[in-house]
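Going letter by letter, the sequence shown gives residues 1334 to 1406 in the numbering used here. Written below as structure tokens is the structure these notes are about.
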Amino acid sequence: MARRKLGKWLEVDYLGGFCLLIKRQLLDQIGPLEAKAGLNIFDTDTLCLKLRKAGYSLACCKDLFIHNFASRG
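This is how it looks when you write it as structure tokens:
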């Protein structure tokens, strides 16, 4: 991660799938996302594992809040 961003990011092992920012080139490199049968969601644990095995770091922005309206009843 760039030094100017140091302290604004928290390096993590896994990320939640409701809000991810990934370059298209990375997805092309590691392969397609696999949809879980019938659930219309992606296996983000596998995605994170593939990215880490390819040598990439996963990070969470410390000063950002995402409100997920999809989880409302």
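Built from N, CA and C at the ideal position, the CB exists for glycine as well. Note that this is a predicted model, so its numbers are computed, not measured.
**Item:** Residue range of the alpha helix (DSSP H) that includes L1382
**Value:** T1377 to K1386
**Request:** Select from N1401, I1355, S1390 and F1402 the residue whose C-alpha is nearest the C-alpha of L1343.
**Result:** S1390
**Prompt:** Given F1351, which residues of its chain have a CB within under 6 Å of its CB, disregarding the five upstream and five downstream residues?
**Reply:** N1401
**Asked** Under a three-way DSSP split, which group does L1359 fall into?
**Response** helix
**Prompt:** Are the Cβ atoms of G1349 and T1379 separated by less than 8 Å?
**Reply:** no
**Request:** Could you check the C-alpha separation between G1388 and A1403 for me, to the nearest Å?
**Result:** 32 Å
**Request:** May I ask you to check if the CB of K1356 is nearer than 7 Å to at least one heavy atom of the ligand GTP?
**Result:** In the structure on display, the ligand GTP does not appear, and there are no ligands present to speak of.
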